[in-house]
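**Student:** I have a structure I would like to understand better, so I am pasting it below and will then ask my questions one at a time.
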Amino acid sequence: MTAVELPAPRRSSLDAVLRARELGIVIALALLVAVTATSNSRFLSGQSIRDILLNTAILAVLAVGQAVVVITRNIDLSVGSVLGLSAFTVGTLLQGNNLPVVLALLVGAGVGVVCGGLNGVLVRYGNVPALVVTLGTLYVVRGVTYFWAGGSQINADELPSGFLDFGNATAIGIPYLVLLAVLVLVVTGVVLRNYRMGRELYAMGSSPHAARLAGIPAGRRTVGAFVVSGGLAGLAGVLFAARFGTIDAAAGTGYELNVVAAVVVGGVAVFGGSGTVWGAALGALLLTTIGSALAVLEINQFWQQAIVGALILLAIGADRLVAARVAASLKKRSSHVR
Amino acid sequence: MTNRKNLAVLAVLALALSACGGTTKSSTEGQNTAAPTNTSAKADPNAPLKEGLKIAYLPKQLNNPYTDVEVGGGKVAVGELKGEYKLVGPNDASASSQVSYINTLIQQQQNVIVVAANDPNAVCPSLNQARKAGIKVVTFDSDAAKTCRDAFINQATTQGIGESLVKMASELAGGSGEIAILSATPNATNQNSWIEVMKTELAKPENAKLKLVKIAYGNDDDQKSFTEAQGLLQSYPNLKVIVSPTTVGIAAASRYVSASNYKGKVAITGLGLPNQMRKFVKDGTVKKFALWNPADIGYLAAYAGASLSSGQITGAQGEKFKAGKLGEYTVGADGEIVLGPPTEFTAANIDKFNF
Amino acid sequence: MSAELTATRMARFANWNVAIIAITVVVLIVAAVTVDNFGTSQNFGFLVLDVLPIAIIALPMTLVIVTGEIDLSVASTLGLSSAVMGYLWNANQPIETIIPLCLLLGAVLGAVNGFFVTVLGLPSLAVTIGTLALYRGLAFVVLGDSAVADFPPAYTDWVTGTIGSTPFPNVLIIIVVLAVVFGVVLHATPVGRAVFAVGASEQAARFAGVRPGRLKFWLYVAGGLVSGLAGVLWTLRYSSARADNGAGLELAVVAAVLLGGVSIFGGKGALAGVVAGVVLLGSLQNALRLSDVSNEALNVVTGVLLIASVLGPNLANRLRRN
């Protein structure tokens, strides 16, 4: 609500602030890694880093999708359920069938696109608030998955080895899942930053009314944002299936709050109009690293959730402070001009 | 600011109350044991097993492959007994949702409830309500407090399981080295009692060279167990064996190790399901693990419930009853009925089992 | 906003309020006739106990949502209250001290939310997602994964018992008293009018002499206090204090409130609708379970009802206009 869309010449100052915001997460991350590595050097071993990146990949893909929706001043709480439905669909499809990984990815993303489209249409054309719609589809999609799965579970030994390899194998030392997550991040990041379509999302989040007056096709953009979030949640479902190999109807339960937490920690304002997918992905990386670091530091794992909570409060508090500073400095500058 | 004042008054009141005595844990010790005991009922060993009994299974949660096998055995037995089989349960392993299901089963006037308790105490009041309504309560898998069930089907003696876990770990470690345990939840009744036995076993001179470095908890959640296994290997580079006395934990740990650099360096053992573990036994990650046949637990529970409901037994020590293909069983102390010793699975015999 | 628009909105809102109450009554009648054992007095008792936490937390939540804010930390407050109750009981403190302390704790946790939202001016959705994690995390820090049992029978029996020989559970008194208190406050006092005013337009309310920050702060305190009470009742009902008690309940509470016709944007809502929403969800769940329909079906029904509760009136309105 405080974020302002700045005219072109001032873009650099806004960029500087955002960069500072992301710098904060990077510094926190570096500190955390340094402290943990000093206490146990194996924290920086190849295997350990690989594990953290793999765990981050799924959360980061979800966070990127969520960030797109949150930037438009909406929210998507159904992502955990969509992930579960997609993972189970793909698992069922691959059970005993040796289908190519690309097909699995497309099917998973397709499931997500359908769910996201439904969310978007209800929000936009049904005129129902996003929180209500996606809370509703959180229940509905999960219920459908439970119905379908019954008590069954898909085990790793039923899945084709090619698919499981995709979950663990690497190219030039980097796991495929991580490469895929980075690809998603870069594409979304560039579109949001450099393309008209992306900037329109920010405009809608900053001031829906002004955006409409400026002729932005808000309806199509809103549905589009939900389709992206749903599609990425579906994609994350495929990654989940490949990574963990064991899939039941409960896959991804409760993920929605982790994802929103990652996005908020990453500096995306819940009232839309500001923040970047880079920040959201960094937020996901930070949350995942905290989890791993606590296990290595042998700090009681019960602290993890409390720390995450405190971090969220800290992050939004800091954002508030930065926003106030920026607003003050802008005011000062414009008064100088006059 | 009246509200703030109210809060202050409340706090002062609380402190004042604490000064003069009140109901504390020690002052109420022993008050909770009140339970309906059917002392009037006497066992009649020759009573025929009733037909048409409504026998309901309430596992810890649905969607768990191990549970599916257990209740599958129960379904077979209920069929043999010509009863009505029913399976209900929550999707999350929480005690509160189990209570709602018990209440529903009371309303539906079942004859027997076969339940695996998520919390031994939380389900107690409603189980006793069921017993007051004439329903027989048999626990399996995870016992409820002794005062609120008629019989407990124990898969194997605690001692037997603990000993066999240590034996397998010692063989795999070659008699010496660091071992770790990956358990279910920190308050899981079964796992904790086995771990206690393991600790006693490890203290014995013949196991002096085995060192238990850490007990980690995967909460019987696949992903959490996976991450915990990861954490164990990072924290303890010299680890030789991970013992996981839970089917979720052993499968997750095996999956992690089989795809990591640790494969071949760290052995995994514990309690697992042959179908879930087959892949890891075949690829060499797991040399051996153990389990009883879970289908037999559900099967035995149905017969115990039917015998209770028909008046053949009351759950008192020494009573005997026949459990179909499993033969004759004797009720032990505290209404415990022990299924038998666990089976060890290796690459040589695993293909003979399908559960 | 023109007077005419306000009038149609009011009418629309009243329609939904009547509709939800009517649907609830129909569901109760159909269930009583068609579902075996639904109408028994014992089942009534079970039903009340099952909806107890959602029912009481939904009351302050309604007020919070009417002001245009939200509180997602309620279930974690319940959990932390339960965990602290177990911890103190294990430490051999008298229950008569523990219960007020847990209520106080709830109020303090609510005040923390209120502080972040009103004093620092942070968005409540983000704040309470943060405290959702924080409070639940602290509950685990306090009690770990262990469960504390053996609470005094005098107390646990009261919670699960009925009033004399009537079929009415004792806890119904708590629900009714709290519902009346919150209902009167919302619909018949200046505080209630201020709540609606702040929800409709915070700025206008401020010009009318309302202090929105202060109002919201105390609503959060009330929410925390009631959630703390829910934690105590939960613990006594199951005679088991655990850190994970009530996990995930926040979404069920929000669903019940929205189903009751309260607008997520604030400014609109009635407590009667919310009570009907709670009863509807609870009795549907109970009846479906008695008919051996799985829990999954309830998930779908809850979700569809939730969306329909907003979508239905919207579509009806659009049709009427065409």
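Protein chains in written order, with this note's numbering: chain A, 136 to 473; chain B, 1311 to 1665; chain C, 557 to 878.
We put the beta carbon where it would ideally sit given N, CA and C, even for glycine.
Keep in mind it's a predicted model, so treat the numbers as computed, not measured.
#1: Alpha carbon to alpha carbon, how far is Leu417/A from Val161/A? Give it in angstroms, no decimals.
#2: According to DSSP, simplified to helix, strand and coil, what is Phe1450/B?
#3: For the beta strand (DSSP E) that contains Glu1654/B, what are its first and last residues?
#4: Output needed in chain order: residues of the region 689-704 of chain C with a Cβ under 7 Å from some Cβ in chain B.
#5: How is the alpha helix (DSSP H) around Asn254/A delimited, first residue to last?
#6: Please report whether the beta-carbon of Ala291/A lies at a distance below 8 Å from any beta-carbon of chain B.
#7: If we define contact as Cβ-Cβ less than 8 Å, is Val214/A a contact residue for chain C?
#8: Between the C-alpha atoms of Phe1655/B and Pro1369/B, what's the straight-line distance to the nearest angstrom?
#9: Note down, one range per segment and in chain order, each beta strand (DSSP E) of at least 3 residues found wholly within the region 1518-1604 of chain B.
#10: What span of residues does the alpha helix (DSSP H) with Ile498/C cover, start to end?
#11: Should Val1294/B and Gly1625/B be called a contact, given that it needs their Cβ atoms to be closer than 8 Å?
#12: List the residues of chain A that Glu852/C touches, going by C-beta distances under 7 Å, in chain order.
#13: Taking only beta-carbon positions, decide if Val818/C is within less than 8 Å of chain A.
#14: Who are Ile1666/B's beta bridge partners in DSSP?
#15: Return no unless some Cβ of chain A is closer than 8 Å to the Cβ of Ala575/C.
#16: Using only alpha-carbon positions, find the residue among Arg334/A, Lys466/A and Arg185/A that is nearest to Ala306/A.
#17: When DSSP labels each residue in this structure, what does Asn1464/B get in the three-state scheme?
#18: Exposed or buried, which one is Phe738/C when buried takes at least 16 other CB atoms within 10 Å?
#19: Could one say the Cβ of Phe821/C lies closer than 8 Å to chain A's Cβ atoms, at least one of them?
#20: Under a Cβ-count criterion, where at least 16 other Cβ atoms within 10 Å of its own Cβ denotes burial, should Arg378/A be classed as buried or exposed?
#21: For Asn232/A, is the classification buried or exposed, using 16 other Cβ atoms within 10 angstroms of its Cβ as the cut-off for buried?
#22: Is Val431/A close to chain B? Criterion is C-beta to C-beta, closer than 8 Å.
#23: Are any of the Cβ atoms in chain C nearer than 8 Å to that of Thr1349/B?
#24: Report the rounded CA-to-CA distance for Pro1547/B versus Gly1574/B, giving the unit in angstroms.
#25: With a 10 Å radius around its C-beta and 16 neighbouring C-beta atoms as the bar for buried, classify Gln436/A as buried or exposed.
#26: Counting contacts by CB-CB distance shorter than 8 Å, is Leu678/C in contact with chain A?
#27: What separation, rounded to the nearest whole angstrom, lies between the Cα atoms of Phe258/A and Gly693/C?
#28: Alpha carbons only, please: which of Val630/C, Phe773/C, Val754/C and Phe821/C is nearest the one belonging to Val263/A?
#29: With 16 as the cutoff for other CB atoms within 10 Å, does Arg355/A come out buried or exposed?
#30: Given that Pro343/A touches chain C, what residues does it touch there, using C-beta distances under 9 Å?
#31: So with Cβ pairs under 8 Å, would you call Cys1434/B a contact of chain C?
#32: Would you mind stating whether Ala430/A and Thr1595/B have Cβ atoms separated by less than 8 Å?
#33: So is Val204/A buried or exposed if we call it buried at 16+ other beta carbons inside 10 Å?
#34: I want to see whether chain C comes within less than 8 Å of Pro264/A, judged by CB atoms only; does it?
#35: Since Asp1530/B and Ala1494/B should fall inside the 8 Å C-beta cutoff, what is the C-beta to C-beta distance between them, to a whole number of angstroms?
#36: According to DSSP, Phe1631/B sits in a beta bridge with which residue or residues?
**Tutor:** Based on what the coordinates show:
#1: By 1-based counting over the first sequence, the position of residue 161/A is 26. By 1-based counting over the first sequence, the position of residue 417/A is 282. When rounded, the distance between both Cα atoms is 7 Å.
#2: Here residue 1450/B is taken as the residue at index 140 of the second sequence, counted from 1. Phe1450/B falls in the strand class under three-state DSSP.
#3: Along the second sequence, one-based indexing puts residue 1654/B at 344. From DSSP, the beta strand (DSSP E) with Glu1654/B extends over Thr1653 to Thr1656.
#4: Here the close residues are Gly700, Asp701, Ser702 and Ala703.
#5: Taking the first sequence and counting its residues from 1, the one referred to as residue 254/A is at position 119. Residues Val236 to Arg259.
#6: Counted from its first residue, the first sequence places residue 291/A at position 156. True, the Cβ-Cβ gap to chain B drops below 8 Å.
#7: Here residue 214/A refers to the residue found at position 79 when the first sequence is read from its first residue. Answer no: the Cβ-Cβ gap between Val214/A and chain C never drops below 8 Å.
#8: Within the second sequence, residue 1655/B is the residue found at index 345, counting from 1. Within the second sequence, residue 1369/B is the residue found at index 59, counting from 1. Straight-line Cα distance between these residues: approximately 25 Å.
#9: Under the rule that a run must span 3 or more residues, the beta strand (DSSP E) segments found entirely inside the region 1518-1604 of chain B read 1520-1527, 1549-1554, 1577-1580 and 1598-1601.
#10: Shown here, chain C extends from 557 to 878; a query on residue 498/C therefore has no answer.
#11: Limits of chain B in this structure are 1311 at one end and 1665 at the other, which puts residue 1294/B out of reach.
#12: As a working mapping, residue 852/C is identified with position 296 in the third sequence. The contacting residues are Gly278, Tyr281 and Phe282.
#13: Counted from its first residue, the third sequence places residue 818/C at position 262. Cβ-Cβ to chain A under 8 Å: no for Val818/C.
#14: Missing from the structure shown is residue 1666/B; chain B here goes from 1311 to 1665 and no further.
#15: If you number the third sequence from 1, residue 575/C lands on position 19. Not one chain A Cβ lies under 8 Å of Ala575/C.
#16: Here residue 306/A refers to the residue found at position 171 of the first sequence. For the residues Arg334/A, Lys466/A and Arg185/A, the minimum Cα distance to Ala306/A belongs to Arg185/A.
#17: The residue given as residue 1464/B occupies position 154 in the second sequence. Asn1464/B: strand per DSSP, three-state reduction.
#18: Mapped onto the third sequence, residue 738/C falls at position 182. Phe738/C is buried by the Cβ-count criterion.
#19: For the purposes of this step, residue 821/C is taken as the residue at position 265 of the third sequence. Phe821/C counts as touching chain A.
#20: If you number the first sequence from 1, residue 378/A lands on position 243. Arg378/A comes out buried.
#21: Walking along the first sequence from the start, residue 232/A turns up at place 97. Classification for Asn232/A: exposed.
#22: One-based indexing of the first sequence puts residue 431/A at position 296. Chain B contact via Cβ: present.
#23: Stepping through the second sequence from its first residue, residue 1349/B is reached at position 39. In this prediction, Thr1349/B scores a pLDDT of 47, lower than 50, which makes its location untrustworthy; the coordinate-derived value is nonetheless stated afterwards. Not closer than 8 Å to any Cβ of chain C, the Cβ of Thr1349/B fails to qualify, so no.
#24: Residue 1547/B sits at position 237 when you count from the first residue of the second sequence. Residue 1574/B sits at position 264 when you count from the first residue of the second sequence. Whole-angstrom Cα-Cα distance: 14 Å.
#25: Locating residue 436/A in the first sequence gives position 301, where the first residue counts as 1. Classification of Gln436/A: buried, given that the 10 Å Cβ count is 16 or more.
#26: Numbered from its first residue, the third sequence carries residue 678/C at position 122. True, the Cβ-Cβ gap to chain A drops below 8 Å.
#27: Residue mapping note: residue 258/A aligns to position 123 of the first sequence, counting from 1. Residue mapping note: residue 693/C aligns to position 137 of the third sequence, counting from 1. In the sequence under discussion, the amino acid at residue 258/A is Val, which differs from the Phe named in the question. In this structure, the straight-line span from the alpha carbon of Val258/A to that of Gly693/C is close to 33 Å.
#28: Locating residue 263/A in the first sequence gives position 128, where the first residue counts as 1. It is Phe821/C whose Cα lies nearest to the Cα of Val263/A.
#29: The count along the first sequence starts at 1 and reaches residue 355/A at position 220. Burial call: exposed.
#30: Counting from 1 along the first sequence, the entry for residue 343/A is found at position 208. Simply none; closest approach about 13 Å.
#31: On the second sequence, residue 1434/B is found 124 positions in, with the first residue counted as 1. Answer yes: the Cβ-Cβ gap between Cys1434/B and chain C drops below 8 Å somewhere.
#32: Stepping through the first sequence from its first residue, residue 430/A is reached at position 295. Stepping through the second sequence from its first residue, residue 1595/B is reached at position 285. It is not a contact, given that the beta carbons lie outside the stated cut-off.
#33: Translated into the one-based positions of the first sequence, residue 204/A becomes position 69. Classification for Val204/A: buried.
#34: Counting from 1 along the first sequence, the entry for residue 264/A is found at position 129. Cβ-Cβ to chain C under 8 Å: yes for Pro264/A.
#35: Counted from its first residue, the second sequence places residue 1530/B at position 220. Counted from its first residue, the second sequence places residue 1494/B at position 184. With a Cβ gap of about 4 Å, Asp1530/B and Ala1494/B count as contacting.
#36: Residue 1631/B sits at position 321 when you count from the first residue of the second sequence. Bridge partners of Phe1631/B: Tyr1639/B.
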